[in-house]
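Step one of this worksheet: look at the structure below.
There are 2 protein chains.
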Amino acid sequence: MTTNKNENVLISELELRTLGKRAFQKLGLGDQDVEDLIDILVMADLFGLSTHGLSRIESYGDRLKIGGINPRPNIQVERLAPAIIGIDGDNGVGPVVGMRALEAAMDAASEFGIAVAFARGSNHFGPISPYSLIAAEKGFASIIGSNATTTIAPWGGSDARLGNSPLGFGVPNPDGKHFLLDMAMSVVARAKIRNAFKRGEQIPNTWGTDAKGNPTTDPKAALDGFLLPIGGHKGYGLALMVDLFAGLLSNAGYLTHIQSWQDAPDKPQNLGHFFILIDTKRLGSSQWLSERMLDFANILMDSPPADSSKPVIVPGMIELAKLEKQRKNGIEMSPETLNLLRQYAGD
Amino acid sequence: MTTNKNENVLISELELRTLGKRAFQKLGLGDQDVEDLIDILVMADLFGLSTHGLSRIESYGDRLKIGGINPRPNIQVERLAPAIIGIDGDNGVGPVVGMRALEAAMDAASEFGIAVAFARGSNHFGPISPYSLIAAEKGFASIIGSNATTTIAPWGGSDARLGNSPLGFGVPNPDGKHFLLDMAMSVVARAKIRNAFKRGEQIPNTWGTDAKGNPTTDPKAALDGFLLPIGGHKGYGLALMVDLFAGLLSNAGYLTHIQSWQDAPDKPQNLGHFFILIDTKRLGSSQWLSERMLDFANILMDSPPADSSKPVIVPGMIELAKLEKQRKNGIEMSPETLNLLRQYAGD
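Following this line, the structure appears as structure tokens:
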């Protein structure tokens, strides 16, 4: 949450969907596109990933108003090979392009067992876990990635040439919690460094470098410099591979060719994504998968906790628990986001 | 290298291949299986990855002799869906099973654009980069993973229930160096902790935990404990996802079901692997790919180095340079490995 927890308000999923839909309809999006967009952004809020949820109305709205994003994209879906789909997003809102790609990849994977959709001409597509969840609910395992605006220096380099590209994996658990991993390649998000700076605290020298590429414990220097990837050269390698698959192979922009939506909000970003989907129904019965997934989760969670106050966790567990709770009790939203949605909706 | 660099000897690629082949033939492997195995292990040595090269004759040989690995596997290749291949390795030597899976996946990817092979009933399959290179040379991008014996505790847990599973990516560069990433999920290899212990040095508290799961700076305690994954919960999540794809979905063993080849060398390990292959020729011409890959590499390598003595690197660069050099000048091998090969070969 961007604001203090106490200031947040609760809103039901239905109310939030309705409000979000009206806001984006007023911004010029078509009905089906609005449905897809709201599916992803509201799921992000349900998961507690509020920085990637409807708070994005701020940047999406600004860019839609000045023509930086196309509200009525003519998205092209091309079959490049029986199981490869190429998507030209026509500079549409990211989750609209993402949902089209996901659906095309699921369709082709139903037919061939595995398929990939490569999307170009896109924008920020939200978090990955909502796509992985939609896929898992239909029995698909997934590997999904996107490139992003540059914030990471090449390993050994001294300027930002690589995005903090997210990579996600999902594996369905037919009778239990799906396993969902959604991660960016930096040790921490910039927000965490910003918070340390505000509190006047030093940061570990593994979080970021100064503007010359040297590791630093000074949060101000790190904010002027670059995020450090997890595991040093390993995270750098991963971020680079995600950009190769999501950007280069998809015929989108990559590395420094990606326009920053902050520096040039009126320009198309030409972001790229990839969606690899595998139909687990081809691998065994639902019962087979269910028994194995239950056993897998039990083995991990039966490990005695190192600290008894912190139980063992598995990827997706926290987000799925939050989703269940917020579907029941309402979604915690910042008043600023709700106000902005209401302004756009014309309330 | 396991021995001091000065003690290593140079041997030509052809001589090493011939010696390696004779050793594994004497251990009972069939001719084609020996070819495949030697392709992978010699390429590991050419890359400088000697711990994953022909030095493995030690463990492979021990296990072949006592029936822990099947020298004459009847490998089954089954089409589970048009673009999904299921491989039953019949407890063959890992690289033999791996090569069969890679070839089946490349064949299906030629037909459908993308394909996946899931292998079960396998053993240690060497490093990933040789498979990625073989694929890249034929124009395939790849995502390849394997599970492994347990050395990592679940995040927040206190006993080893998860392998340090390797994950690899490859993207072909038709007129330049292919991009190859081959990484395990631990911050460092156990060997690095062992070396610190031998030198009487402390280790950073990010490398491993003690036997109770608490981070430690004592190398002895870390050797009795568990490796820590890169980026904490992120690397844990990645290791777990690799096991889900390589082990659980492939119908192989996973997590603690995997037999340790050290504790039970006479038992089948039932390791699993996955090979996702994408035919880049379906995405654009060789010239299109070549221009983009060259541009991608140039953007990264043009970043001014933070330390002028350490130029910017890209994944695979070091290994491919080493391969080129060693193909010309001979391969650096430890005398122990050569002696063992000669013993098995009956010289």
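For the record, the sequence lines run as chains D and Z.
With our numbering applied, the first sequence covers 296 to 642.
With our numbering applied, the second sequence covers 296 to 642.
Here a beta-carbon is modelled for each residue, glycine too, at the ideal position from N, C-alpha and C.
Nothing here was measured: the structure is a model prediction, and the numbers come from that model.
| task | Please state if the CB of leucine 584 (chain Z) and the CB of proline 467 (chain Z) are separated by a distance shorter than 8 Å. | result | yes
| query | Going by the beta-carbon positions, is the gap between serine 545 (chain Z) and alanine 414 (chain Z) smaller than 8 Å? | reply | yes
| said: If you reduce the DSSP assignment to three classes, tell me which class valine 372 (chain D) lands in. | reply: strand
| task | Please confirm if threonine 297 (chain Z) has its CB atom under 8 Å from at least one CB of chain D. | result | Only weak support is given to the placement of threonine 297 (chain Z): the predicted model assigns it a pLDDT of 41, under 50, and the value that follows is read from those uncertain coordinates. False, the Cβ-Cβ gap to chain D never drops below 8 Å.
| request: Check the Cβ of valine 411 (chain D) against every Cβ in chain Z and list those closer than 7 Å, keeping chain order. | output: Ile409 and Ile573
| message | Please identify, using Cβ separations under 8 Å, the residues of the segment 351 to 379 of chain Z that lie next to chain D, in order along the chain. | response | Leu375, Ala376, Pro377, Ala378 and Ile379
| field | Limits of the beta strand (DSSP E) - the one that threonine 445 (chain D) falls within | value | 445 to 447
| In three-state DSSP terms, what is leucine 544 (chain D)? | coil
| Which residues mark the beginning and the end of the alpha helix (DSSP H) in which arginine 312 (chain Z) is found? | 308 to 321
| What are the start and end residues of the beta strand (DSSP E) that includes methionine 478 (chain Z)? | 474 to 478
| field | Residues near aspartate 454 (chain Z) by beta carbon distance below 7 Å, same chain, minus five either side | value | Ala448
| query | What does asparagine 509 (chain D) reach in chain Z if we use C-beta pairs closer than 7 Å? | reply | Ala601
| Considering aspartate 574 (chain Z), what are the terminal residues of the beta strand (DSSP E) in which it resides? | 566 to 574
| said: Does any residue of chain Z have a CB that is nearer than 8 Å to the CB of proline 610 (chain D)? | reply: yes
| How many whole angstroms separate the CB atoms of alanine 396 (chain D) and phenylalanine 570 (chain D), which I take to be in contact at a CB cut-off of 8 Å? | 5 Å
| field | Where the segment 442 to 469 of chain D meets chain Z: residues whose CB sits under 8 Å from a CB there | value | Ala448, Pro449, Trp450, Gly451, Gly452, Ser453, Asp454, Arg456, Leu457, Phe464 and Val466
| alanine 436 (chain Z) touches chain D at which residues, Cβ-Cβ below 9 Å? | Leu539, Phe540 and Leu544
| query | Between proline 514 (chain D) and alanine 486 (chain Z), what straight-line distance do the alpha-carbon atoms span, to the nearest angstrom? | reply | 34 Å
| What does isoleucine 525 (chain D) reach in chain Z if we use C-beta pairs closer than 7 Å? | Ile525, Gly526, Lys529 and Gly530
| query | I think leucine 566 (chain Z) touches isoleucine 553 (chain Z), with their Cβ atoms under 8 Å apart; what is that distance to the nearest whole Å? | reply | 6 Å
| request: With glutamate 627 (chain D) as the anchor, note down where its beta strand (DSSP E) starts and where it stops. | output: 626 to 628
| field | Environment of asparagine 634 (chain D) [buried if 16+ CB atoms lie within 10 Å] | value | exposed
| Taking buried to mean at least 16 other C-beta atoms within 10 Å of its own C-beta, is isoleucine 429 (chain Z) buried or exposed? | buried
| query | What's the gap between the Cα of leucine 543 (chain D) and the Cα of leucine 322 (chain Z)? | reply | 45 Å
| Amino acids of chain Z, ordered along the chain, whose beta-carbon sits closer than 8 Å to that of leucine 595 (chain D) | Pro449, Gly452, Arg456, Leu457, Leu535 and Leu550
| query | Does the beta-carbon of lysine 529 (chain Z) have 16 or more other beta-carbons within 10 angstroms, so that it is buried, or is it exposed? | reply | buried
| query | Can you list the residues of chain B that methionine 478 (chain Z) reaches, using a CB-CB cut of under 7 Å? | reply | Chain labels in this structure do not include chain B; the protein chains are D and Z.
| request: Count the CB pairs spanning the segment 401 to 412 of chain D and the segment 359 to 367 of chain D that are closer than 8 Å, and state whether there are at least three. | output: no
| Beta carbon of serine 441 (chain D) nearer than 8 Å to that of glycine 465 (chain D) | no
| request: May I have the straight-line CA-CA distance separating tyrosine 549 (chain Z) from threonine 313 (chain D), to the nearest angstrom? | output: 44 Å
| What span of residues does the alpha helix (DSSP H) with leucine 462 (chain Z) cover, start to end? | Segment 462 to 466 is the beta strand (DSSP E) holding leucine 462 (chain Z); no alpha helix (DSSP H) there.
| query | Apart from the five residues just before and just after isoleucine 643 (chain Z), which ones in its own chain have a Cβ nearer than 7 Å to its Cβ? | reply | The structure shown does not extend to residue 643 (chain Z), since chain Z is modelled only from 296 through 642, so no value can be given for it.
| said: Pop quiz: valine 304 (chain D) and lysine 316 (chain D) are said to be a contact at Cβ under 8 Å. What is the actual Cβ separation, rounded to whole angstroms? | reply: About 19 Å separates the two Cβ atoms, so there is no contact after all.
| message | Considering only their Cβ atoms, is the gap separating proline 606 (chain D) from phenylalanine 407 (chain Z) smaller than 8 Å? | response | no
| If contact means a Cβ-Cβ distance below 8 Å, which residues of the segment 310 to 330 of chain Z contact chain D? | none
| query | Going by C-alpha distance, which of D:Leu336, D:Leu589, D:Asn365 and D:Glu302 is nearest aspartate 561 (chain D)? | reply | D:Asn365
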